[in-house]
Amino acid sequence: VITKIIKDFSARDLHSALLVNREWCRATVPTYWKAPFSFTMKRSTTALKVYESFLETAEKSTQQTVQKPVFDYPLFIKELNYTNLLACFETWERARKVEAILQMLTKYEIRLKTFIMDNTGANNERVYGLWTTPCYASMFSSLNYVEIHTPFPKNNVMKALAKNCTELSHLDINLHDTSVPRAEESINHLKELLSAQTRPLNLRLVFPNGSGRSLLETFQSRLESFKRLELVKWNFNGCDWEWLKRCSNLVEFAITSPPPQVSGILGTKKESYRLKISKNSKISTEHWHFDKNDEIPSKFYFHSDKPLMESQPPIITQPRVSRRTNDPKKLQYIRANVVRRMFKEFDYYSSEDEFNYSSSNYDYDYDDGYEESFENLQRLLDNNKAWAKSITETKPEFFTTTAKAQHPKIAWFGCSDSRVPAETVVQLGPGEIFVHRNIANQFNHADLNSLSVLQYAVDHLKVEHIIVCGHYGCGGVLAAMSNDQHGLVDHWLRNIKDVYKSNKSTIESSAPEKRSNLLVELNVKQQVYNIAATNIVQSAWAAGRKLEIHGWAYRLDNGILNDLKVDIKGEKDLSDQIYKVLPGSHA
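Position 380 (the sequence shown) corresponds to 380 in the UniProt record's numbering; numbering is contiguous.
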């Protein structure tokens with residue numbers, strides 16, 4: 001009975017239920033710990049410390065007396081938010097510690113119901129794929145709910161899901177891949193996955209300009225298994241939609257830019273949903289609903305305000321209300337009030353309760369799942385202190401040395417994209433590389449910012465190498481290739497459009513899926529020539545100094561730098577002699 005009562009409690013009420021008595025505590029702990037990494041960073045970090053205590057206990061000798069926790073908390077996990085787990089670790093320790101936790105959960109014979117992985121950034125690819133290792137397969141074999149949106153290839157992910165999962169009821173995944181063979185492999189594994197399922201499936205698939213024809217071919221043998229289906233940003237040109245008539249169990253269908261045939265089959269009675277993914281970018285989908293006694297009240301299943309995990313209802317957190325006290329009478333009142341609410345339709349605190357207790361500065365406290373923004377910043381400050389301490393311990397002279405002066409031999413002109421940190425990708429430390437970044441790694445002859453950086457690097461720091469580094473999948477390049485308006489940045493990106501125009505025949509003669517990456521490379525080369533054309537660089541050459549300019553491009557999907565073989569070492573390498581500056585013209 002108690003388990004049924006607490007099933008739909010908020011995180012705040014679960015904390016309160018822990019205080020009622022031992023019986024309530026025993027019933028509440030498994031519910032509270034079923035999703036330890038699915039809420040705030042504060043709560044995830046706390047859960048991680050508890051998990052690490054189990055790892056430490058296992059490592060200690062059996063001869064030592066070890067105080068064991070009251071509960072085996074890892075036994076209760078049903079939902080793993082992999083993104084939040086990764087965020088709890090520093091980059092350098094991430095792989096080792098995540099492996100240790102996955103090994104521990106496997107040893108406990110955990111069977112997860114829910115797995116979530118959002119965008120993890122570009123530096124986590126190796127750790128990102130750890131969970132697909134066959135030795136962890138048993139842990140993921142019972143998954144019902146899967147949501148994966150990351151910038152990395154999905155072929156191994158789809159292979160792991162297809163091999164291990166047969167009970168999915170919810171799959172939301174972004175299959176985007178810059179490699180056509182890998183994308184085809186992912187779709188083939190999707191076909192295997194769909195064929196293996198034994199339950200009605202809610203399926204959302206995202207792939208900008210992905211092959212809609214290949215996707216629809218995978219659907220043909222499992223049309224009756226779809227309960228809800230959302231197809232986002234695929235290329236469905238020339239596709240036949242007659243198969244929709246055979247989806248006998250479909251209760252919701254959604255698609256971006258629906259072809260006329262879809263409206264002809266499903267009718268014109270539909271609803272629109274606009275998903276805002278950034279300040280200037282939205283995805284609009286058209287939704288059709290069918291009256292089949294759908295138990296989910298939301299109009300848009302995949303875009304509900306609350307998560308809709310049918311098999312694993314999540315704990316919905318509530319805003320923080322301070323409840324701190326060590327006064328026995330006040331504690332007794334709060335506990336009694338908790339029990340009263342539990343049996344009165346589980347309402348939240350009344351306005352009177354809020355007034356009496358929310359503003360008091362009590363000593364009794366608990367983590368209710370809400371984290372204020374300043375706590376995020378405090379974590380950064382704490383990270384900084386820990387980093388400074390570790391550096392000082394290993395290299396006591398480090399900060400005193402770097403404080404005196406910088407002596408970099410390399411200047412780096414790169415993109416502002418946070419996934420391409422210059423020092424990280426080339427493994428250099430403070431004082432070893434002079435960095436300037438802007439949108440799409442531009443060097444414009446009228447940009448005083450870039451020119452000032454260049455002059456300081458060449459004339460004052462005496463750098464010997466200048467690297468222009470772009471990256472494949474650059475949002476600035478993609479924006480420049482479109483005709484959409486993006487605001488002020490359109491003026492900045494105009495220079496990339498000029499590069500496109502100058503190389504139009506080369507770009508448009510290549511395969512459509514390769515054009516953006518080709519423009520990334522051409523843009524880098526153009527910026528190399530722009531830098532070489534400045535009187536700053538040519539004056540250094542005239543003075544007999546060594547100064548070379550290079551063009552590279554970084555791959556987000558594997559972390560490898562591609563040398564574009566554009567190296568300018570002197571005036572003879574200029575793209576055109578019109579850019580040559582006569583000696584003495586630079587004051």
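Ideal Cβ positions, reconstructed from N, Cα and C, are used throughout, including at glycine.
Where in the segment 510-583 do unbroken runs of the beta strand (DSSP E), each at least 3 residues long, occur, reported from the N-terminal end onward? Runs of the beta strand (DSSP E) lying entirely within the segment 510-583 and spanning at least 3 residues, in chain order: 548-554, 561-568.
At the level of alpha carbons, what is the spacing between Ala160 and Ala196? For this step, residue 160 is matched to residue 160 along the sequence shown. For this step, residue 196 is matched to residue 196 along the sequence shown. Their backbone Cα atoms lie some 13 Å apart in a straight line.
Write down the C-beta distance between Asn383 and His445 rounded to the nearest angstrom, noting that I regard them as a contact closer than 8 Å. Numbered from 1 along the sequence shown, position 383 holds the residue referred to as residue 383. Numbered from 1 along the sequence shown, position 445 holds the residue referred to as residue 445. That belief does not hold up - the Cβ atoms of Asn383 and His445 are roughly 40 Å apart, past 8 Å.
DSSP three-state call for Ile496: helix, strand or coil? In the sequence shown, residue 496 corresponds to position 496, counting from 1. Collapsing the DSSP output to three states places Ile496 in a helix.
Leaving out five residues on either side along the sequence, give the residues of the same chain with a beta carbon under 6 Å from the beta carbon of Leu18. As a position in the sequence shown, residue 18 is number 18, starting the count at 1. Correct list, in chain order: Cys25, Thr28.
So what's Val180 in DSSP terms, helix, strand or just coil? Numbered from its first residue, the sequence shown carries residue 180 at position 180. Three-state DSSP puts Val180 in a helix.
How many angstroms separate the CA atom of Glu217 from the CA atom of Tyr273? As a working note, residue 217 is residue 217 in the sequence shown. As a working note, residue 273 is residue 273 in the sequence shown. When rounded, the distance between both Cα atoms is 27 Å.
So, under 8 Å CB-CB, Leu171 and Met139 are touching, yes? Tell me the CB distance rounded to an integer number of Å. Taking the sequence shown and counting its residues from 1, one reaches residue 171 at position 171. Taking the sequence shown and counting its residues from 1, one reaches residue 139 at position 139. Actually they are not in contact, since the Cβ atoms of Leu171 and Met139 sit about 18 Å apart, beyond 8 Å.
For a test of the three-state rule: what should DSSP assign to Thr106, helix, strand or coil? If you number the sequence shown from 1, residue 106 lands on position 106. In the structure shown, the three-state DSSP call for Thr106 is helix.
Which of the three DSSP states, helix, strand or coil, is assigned to Gly487? One-based indexing of the sequence shown puts residue 487 at position 487. Here Gly487 sits in coil by DSSP.
Asn209 to Asn235 span [Cα, whole Å]: Counted from its first residue, the sequence shown places residue 209 at position 209. Counted from its first residue, the sequence shown places residue 235 at position 235. CA-CA distance, Asn209 to Asn235, rounds to 5 Å.
If we ignore side chains and look at the alpha-carbon of each, how far apart do Ala87 and Ala388 end up? Within the sequence shown, numbered from 1, the residue matching residue 87 stands at position 87. Within the sequence shown, numbered from 1, the residue matching residue 388 stands at position 388. Straight across, the Cα-Cα distance linking Ala87 with Ala388 is about 20 Å.
What would DSSP say about Leu250, mapped onto helix, strand or coil? For the purposes of this step, residue 250 is identified with residue 250 of the sequence shown, where counting begins at 1. DSSP places Leu250 in coil when its eight states are reduced to three.
Distance between Ile255 and His303 (C-alpha atoms, nearest Å): Taking the sequence shown and counting its residues from 1, one reaches residue 303 at position 303. Taking the sequence shown and counting its residues from 1, one reaches residue 255 at position 255. Each residue's Cα considered, the two are about 13 Å apart.
Spatial neighbours of Arg555 within its chain, please: C-beta separation below 7 Å, excluding the five flanking residues on both sides. Counting from one through the sequence shown, the residue named residue 555 turns up at place 555. Same-chain partners within the cutoff: Tyr472, Asn562.
If I follow the unbroken alpha helix (DSSP H) through Val20, where does it start and stop? Position 20 of the sequence shown, counted from the first residue, corresponds to residue 20. Neither: Val20 is in no alpha helix (DSSP H) and is coded neither H nor E.
Rounded to a whole number of angstroms, what is the C-alpha to C-alpha distance between Gln527 and Gly487? Position 527 of the sequence shown, counted from the start, is the residue given in the question as residue 527. Position 487 of the sequence shown, counted from the start, is the residue given in the question as residue 487. Approximately 23 Å between the Cα atoms of the pair.
Would you report the Cα separation of Ser16 and Gln485, rounded to the nearest angstrom? Your numbering for residue 16 matches position 16 in the sequence shown. Your numbering for residue 485 matches position 485 in the sequence shown. Approximately 51 Å between the Cα atoms of the pair.
Report all residues from its chain with a CB closer than 6 Å to the CB of Asn84; omit the five preceding and five following residues, and keep chain order. If you number the sequence shown from 1, residue 84 lands on position 84. The beta carbon of Asn84 is closer than 6 Å to those of Phe37, Ser44 in its chain, skipping five residues each way along the sequence.
Residue nearest to Asn495 in terms of C-alpha spacing, selected from Ser510, Ala479, Thr506, Glu508: Counting from one through the sequence shown, the residue named residue 495 turns up at place 495. Taking only the C-alpha atoms, the option nearest Asn495 is Ala479.
From Leu80, Val50, Ser214, residue whose alpha carbon lies closest to that of Val70: Locating residue 70 in the sequence shown gives position 70, where the first residue counts as 1. Looking at the Cα atoms, Val50 is the closest of the given residues.
Local conformation of residue 595 per DSSP, three classes: Residue 595 is absent from the model: the chain starts at 1 and stops at 587.
From this set, Ile116, Trp92, His189, Cys135, which residue's C-alpha is nearest Leu102's C-alpha? In the sequence shown, the residue the question calls residue 102 occupies position 102. The candidate whose alpha carbon is nearest that of Leu102 is Cys135.
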